[in-house]
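Asker: For the sequence shown, the numbering used here gives the first residue as -17, with consecutive numbering after it.
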Amino acid sequence: MNNLRQVMQERWNTKGYHYDHTGGHGTKSPAEKERWTKILAQLGSGPLAVLDVGTGTGFVALLLAEMDHFVTGIDWSTTMLEQARAKACEAGLEIAIIEAETETLPFTAACFDVVVARHVLWTLTEPHRILAEWYRVLKPYGRVLADFSPHRSGTVGHHYPLEIEEKLPLNRDLEPLAVAAFFEDAGFANVQAETLPLLPDSKAVTYLISGFKRGGCGHGSA
Ligand SMILES: C[S@@+](CC[C@H](N)C(=O)[O-])C[C@H]1O[C@@H](n2cnc3c(N)ncnc32)[C@H](O)[C@@H]1O
-17 MNNLRQVMQE RWNTKGYHYD HTGGHGTKSP AEKERWTKIL AQLGSGPLAV
33 LDVGTGTGFV ALLLAEMDHF VTGIDWSTTM LEQARAKACE AGLEIAIIEA
83 ETETLPFTAA CFDVVVARHV LWTLTEPHRI LAEWYRVLKP YGRVLADFSP
133 HRSGTVGHHY PLEIEEKLPL NRDLEPLAVA AFFEDAGFAN VQAETLPLLP
183 DSKAVTYLIS GFKRGGCGHG SA
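1) Classify A168 as helix, strand or coil using the three-state DSSP reduction.
2) For G40, does the count of other Cβ atoms within 10 angstroms reach 16, so buried, or fall short, so exposed?
3) Does the segment 94 to 110 come close enough to the segment 23 to 42 to have 3 or more Cβ pairs within less than 8 Å?
4) Work out the CA separation of A91 and N172 for me, nearest whole Å.
5) Just verifying my parser: in three-state terms, what is the DSSP assignment at I191?
6) Less than 8 Å between the beta carbons of L178 and L190, yes or no?
7) Ends of the beta strand (DSSP E) at F130?
8) If we ignore side chains and look at the alpha-carbon of each, how far apart do Q65 and L159 end up?
9) For the 8 Å Cβ check, are there 3 or more pairs between the segment 70 to 81 and the segment -3 to 6?
10) Is the segment 164 to 171 touching the segment 106 to 118 in the sense that three or more CB pairs, one from each, lie closer than 8 Å?
11) Measure the C-alpha to C-alpha separation of H110 and R196 and round it to an integer number of angstroms.
12) Where does A99 sit, in a helix, a strand or coil, going by DSSP?
13) Decide if P88 is buried, meaning its Cβ has at least 16 other Cβ atoms within 10 Å, or exposed.
14) For T60, report the span of its alpha helix (DSSP H) as first-last.
15) F194: which of L106, V102, A128 sits nearest, CA to CA?
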C-alpha cells in the first residue's frame, strides 16, 4: 500500500467508532434506508452473490442480507468492519466480512453477480484501476451499482486533509455523464446515471451509476 492510501486508511480506522453517529452518513436515516431498499430491490429476488465494496459499518450489506442475498463486504478499515460484524451478529444475518483493499480484491475473476458501492466513488485514488478490478470480479452480465454526489468546491476537506481530497479524481463537481465515462472506460456496458429523488430536508443531489459486465464474444476480460 502506498503512503497516500496508508494515511487514508488510518483516517477510517479512527472514524470507525463514530461513523454511524454522524448524521451525514445516513446509516440511521429511515429515508436513506428506504432509498437503498428500493435501489437494491431492482436486483430481483436472487439469491445473488453480491460484493459490497467499502462496506464500512455494513449499511448496504445488511440490507442485502435481509433480502436473502449471499453477501460479502470488504473494507480496509478494521474499526469500520468491527461495527459491521457486530451489527450483522445482532441482526442474526450471515455476511462474509473481509478486510481488504479494493485496489486488489482477494477474489478470483467472475465470482460475483453484483458489485455495490455506496458513498465510495468519491474516495477512490485511482478510479480507472479500481473499476477494472470490480469488472474483473463480476460474472459476465453481472451488474455494478454505485452512488455519486458531486462535491462542490468548499465542501472538500471533510474526511481527509485538503491536500489528499484534492488528489481524488471523483471528489469533484462532476457531471454524472463524466462519472459514467469512467465505468465505460473500465469496460462496462449499458452504463446509466439516474438522478435519485431528493431525500426529505436535503438539497444534496445524488446519482446512481449502473452498468453491466459484457458477456463472451471477446468483449472485455473475464
Ligand atoms: C463513506 S464510507 C462508506 C461506507 C459504507 N459503504 C456506507 O454506505 O455507509 C467509505 C468506506 O470506504 C472504505 N474505503 C475507502 N477506500 C478504500 C479502499 N481503497 N479499499 C477498501 N476500503 C476503502 C472506508 O474505509 C470506508 O469504510
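For each residue, glycine too, the CB sits at the ideal point set by N, CA and C.
Answerer: Concretely, from the data shown:
1) In this structure, A168 counts as coil in the three-state DSSP scheme.
2) Result: buried.
3) In short, these stretches touch, since the Cβ pair count reaches three.
4) As the crow flies, the alpha-carbon of N172 is around 21 Å from that of A91.
5) The DSSP-derived three-state label of I191 is strand.
6) Yes, Cβ-Cβ distance for L178 and L190 is below 8 Å.
7) Start and end: 120 to 130.
8) Taking the straight line from one Cα to the other gives about 34 Å.
9) With a cut-off of 8 Å, the segment -3 to 6 and the segment 70 to 81 do not count as touching, because too few Cβ pairs lie within range.
10) Verdict: yes, contact present.
11) CA-CA distance, H110 to R196, rounds to 17 Å.
12) Strand at A99.
13) Of the other Cβ atoms in all chains shown, fewer than 16 fall within 10 Å of the Cβ of P88; this residue is therefore exposed.
14) Counting along the chain, the alpha helix (DSSP H) containing T60 begins and ends at 60 to 73.
15) The shortest C-alpha separation from F194 is found at A128.
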